[in-house]
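Number of protein chains: 2
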Amino acid sequence: MTNEGVHADERPAPGTRRPGGRTARTRAAVRDAVLSGLSDHGYPGLTIEYVAEHSGVHKTTLYRRWGGLEGLMADALDLAGEDAWTPPDTGSLEGDLRALAHEVVDAFADESKAAAPTAFVAASFQSPRAADALRAFYAERFSRCEAVVTRAVERGEADRDTDAAALVRAVSAPLMLRLFVTREPIDAALADQSAAVALAATRAGAFTRR
Amino acid sequence: MTNEGVHADERPAPGTRRPGGRTARTRAAVRDAVLSGLSDHGYPGLTIEYVAEHSGVHKTTLYRRWGGLEGLMADALDLAGEDAWTPPDTGSLEGDLRALAHEVVDAFADESKAAAPTAFVAASFQSPRAADALRAFYAERFSRCEAVVTRAVERGEADRDTDAAALVRAVSAPLMLRLFVTREPIDAALADQSAAVALAATRAGAFTRR
DNA sequence: GGGCAAACGCAACCCATGTCGCATTACGAT
DNA sequence: ATCGTAATGCGACATGGGTTGCGTTTGCCC
Numbered sequence: 000m001t002n003e004g005v006h007a008d009e010r011p012a013p014g015t016r017r018p019g020g021r022t023a024r025t026r027a028a029v030r031d032a033v034l035s036g037l038s039d040h041g042y043p044g045l046t047i048e049y050v051a052e053h054s055g056v057h058k059t060t061l062y063r064r065w066g067g068l069e070g071l072m073a074d075a076l077d078l079a080g081e082d083a084w085t086p087p088d089t090g091s092l093e094g095d096l097r098a099l100a101h102e103v104v105d106a107f108a109d110e111s112k113a114a115a116p117t118a119f120v121a122a123s124f125q126s127p128r129a130a131d132a133l134r135a136f137y138a139e140r141f142s143r144c145e146a147v148v149t150r151a152v153e154r155g156e157a158d159r160d161t162d163a164a165a166l167v168r169a170v171s172a173p174l175m176l177r178l179f180v181t182r183e184p185i186d187a188a189l190a191d192q193s194a195a196v197a198l199a200a201t202r203a204g205a206f207t208r209r
Numbered sequence: 000m001t002n003e004g005v006h007a008d009e010r011p012a013p014g015t016r017r018p019g020g021r022t023a024r025t026r027a028a029v030r031d032a033v034l035s036g037l038s039d040h041g042y043p044g045l046t047i048e049y050v051a052e053h054s055g056v057h058k059t060t061l062y063r064r065w066g067g068l069e070g071l072m073a074d075a076l077d078l079a080g081e082d083a084w085t086p087p088d089t090g091s092l093e094g095d096l097r098a099l100a101h102e103v104v105d106a107f108a109d110e111s112k113a114a115a116p117t118a119f120v121a122a123s124f125q126s127p128r129a130a131d132a133l134r135a136f137y138a139e140r141f142s143r144c145e146a147v148v149t150r151a152v153e154r155g156e157a158d159r160d161t162d163a164a165a166l167v168r169a170v171s172a173p174l175m176l177r178l179f180v181t182r183e184p185i186d187a188a189l190a191d192q193s194a195a196v197a198l199a200a201t202r203a204g205a206f207t208r209r
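Chains as they are written, first to last, in numbering that gives the first Met the number 0: chain A, 0 to 209; chain B, 0 to 209.
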């Protein structure tokens, strides 16, 4: 559940007829400027002019191609979702859930790492476009996480019709609640607790459908 | 966990020497205008001029007293936290947890009810002032919720050193994750599942300290 | 009821954000 | 090489959010 700030290198810009040229360079430069702007000033301090200066791309171009900050954020988020992340595979459901929870904690350990993911959530409140991109991002991430449950079922650690989607969300939910809503600090102990709670509920059949 | 939009009627404006006069009327009018603006246009569409027009208070006054939108949101959130809400008391831990979860679902059932609470979270990403207000709001809310756990302990339904704070957060966490982060729909069935998961984990001792 | 200070209204103003028309560059294909 | 077109650069301009100085009103106290 991390790596949101890492970009899957070079992909043809969608909807253009200049796949390998200036357009692609512009897009990459802009995306980098957005991410560096986020870690420098956070989302509230991110401005189009900053991106223009730090990317060497003119303000007008940014508005034309992306339509504004929301579009820039949505695009950056799309790119962030195209990495090769896969959930941990420790050999046991307990280990996997704990590792998942710890990845969340690590991803938000320091300010600079947390800036981009936090900004994506912030942007989702400002524009439907960014909200869609965020929904898609997390749908994909959690979908990959379900492999953890599939393996657990195969090992006999979980009921066959366990609600995998709910289970993997339950692991990170308490952490993200604190990160984005109640704004309380999170740490490794809380990650362990989250994993333990989800595991206990699984064993008790609370995630089993009907 | 609801009633964020309801205001505890009339309280002297803090830090002023005009407790019952124009100042208080202004404050009330402004707070109402903010809330109606939120349900009309949502947080991204809320503007100072809208509040000025719909409250009859001049733009300049709004900037002077509240410092901008963030201040208005923080003030409205402070007021929202001063209600008389108490957690449900159904006679059993299971009933209480389910009732809590259902309150969350109900509070976000339709767009107009959800507007204000959602906007408060949105504002918390924009300004530290609003973030502090939100933290305080939820700290108070969850603190009240712990009464549910206290009663359960007295009834022998839960271990004596159950982590009440974690338990009450665990109930609403999956719901709020979907509301604010993954932006998936929530319903009564999900509320039941959340409560069931938290209950099962409690019975298994996953919330017991050490 | 008179006087004082706080709170507010008002209009003009400043500045950043976002837009527009046109010139220029770079890509891709012939 | 050359040409057509998409993409970008550029500066001027419009728009609106936010600020400032000053005059006016309101509430409180004597």
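Built from N, CA and C at the ideal position, the CB exists for glycine as well.
In the structure shown, the three-state DSSP call for T89 of chain A is coil.
Relative to E156 of chain A, the option among A:T201, A:T60, A:S35, A:D88 whose CA is nearest is A:T201. Cβ atoms of R128 of chain B and L78 of chain B stay farther apart than 8 Å, at about 15 Å. Not flagged as an interface residue toward chain B: R209 of chain A, since no C-beta distance is shorter than 8 Å.
Counting C-beta pairs closer than 8 Å gives three or more between the region 140-150 of chain A and the region 75-95 of chain A, which meets the contact rule. Residue environment analysis places T46 of chain A among the exposed positions, since fewer than 16 neighbouring C-beta atoms fall within 10 angstroms of its C-beta. Against chain B, the CB of Y42 of chain A has a partner CB under 8 Å away; the residue lies at that interface.
In this chain, the alpha helix (DSSP H) harbouring E48 of chain A covers 47-54. Taking CB atoms only, P173 of chain B has a neighbour in chain A less than 8 Å away.
One Cα belongs to V56 of chain A, the other to G66 of chain B, and the distance between them is close to 34 Å. S38 of chain B and A115 of chain B do touch by the CB rule: their CB atoms are close to 7 Å apart, below 8 Å.
Contact annotation: the region 131-141 of chain B does not touch the region 180-193 of chain B, with fewer than three C-beta pairs closer than 8 Å.
In terms of Cα proximity to T117 of chain A, the closest of A:A23, A:A51, A:P43 is A:P43. Look at the region 119-130 of chain B: the residues with a C-beta under 9 Å from a C-beta of chain A are V120, A121, A122, S123, F124, Q125, S126, A130.
Using a Cβ distance threshold of 8 Å, F107 of chain B and A98 of chain B do not count as a contacting pair. Listed in chain order, the non-local C-beta contacts of T59 of chain A below 8 Å within the same chain number zero, local neighbours out to five positions each way being set aside. Around the beta carbon of S193 of chain A, a 10 Å sphere encloses 16 or more other beta carbons of the protein chains shown; the residue is thus reported as buried.
Chain order gives the chain A residues near T181 of chain B as L133, R134, Y137, A138, F141, R168, where near means a beta carbon separation below 8 Å. For D109 of chain B, no alpha helix (DSSP H) encloses it, and the DSSP letter there is neither H nor E. Cβ-Cβ separation between V33 of chain A and A75 of chain A: approximately 5 Å, consistent with a contact (criterion under 8 Å). The beta carbon of A205 of chain A falls within 8 Å of a beta carbon belonging to chain B, placing the residue at that interface. Distance between S111 of chain B and L68 of chain B, taken at the CA atoms: about 20 Å. Taking a contact as a CB-CB distance under 8 Å, the pair L174 of chain B and A100 of chain B counts as one, their CB atoms being some 7 Å apart. Between V120 of chain B and A190 of chain B, the C-beta spacing is not below 8 Å. Excluding residues up to 5 positions away in sequence, S123 lie with their Cβ nearer than 7 Å to the Cβ of A130 of chain B in the same chain. Under a criterion of Cβ atoms nearer than 8 Å, no residue of chain A is adjacent to L37 of chain B; the nearest Cβ is some 12 Å distant.
At the C-beta level, A151 of chain B and F206 of chain B stay beyond 8 Å of one another. Contact annotation for L176 of chain B against chain A: R168, S171, A172, M175, L176 [CB-CB distance below 8 Å, chain order]. In this structure, the beta-carbon distance from A163 of chain A to A199 of chain B does not fall below 8 Å. When the five nearest sequence neighbours on each side are left out, the beta carbons in the same chain lying within less than 8 Å of the beta carbon of V50 of chain A are those of V29, A32, V33, G36, V56, L61, L71, in order along the chain. Nearest CB-CB separation between V56 of chain B and chain A: not below the 8 Å threshold. Under DSSP, no beta-bridge partner is assigned to T60 of chain B.
At a Cβ-Cβ threshold of 8 Å, A197 of chain A and A172 of chain B do not count as neighbours. By the rule that beta-carbons nearer than 8 Å mark a contact, V29 of chain B does not touch chain A.
Burial check for A169 of chain A: the Cβ neighbour count within 10 Å reaches 16 or more, so the residue is buried. A199 of chain A reaches chain B at A199, A200, A203, A205, counting residues in chain order whose Cβ is nearer than 7 Å.
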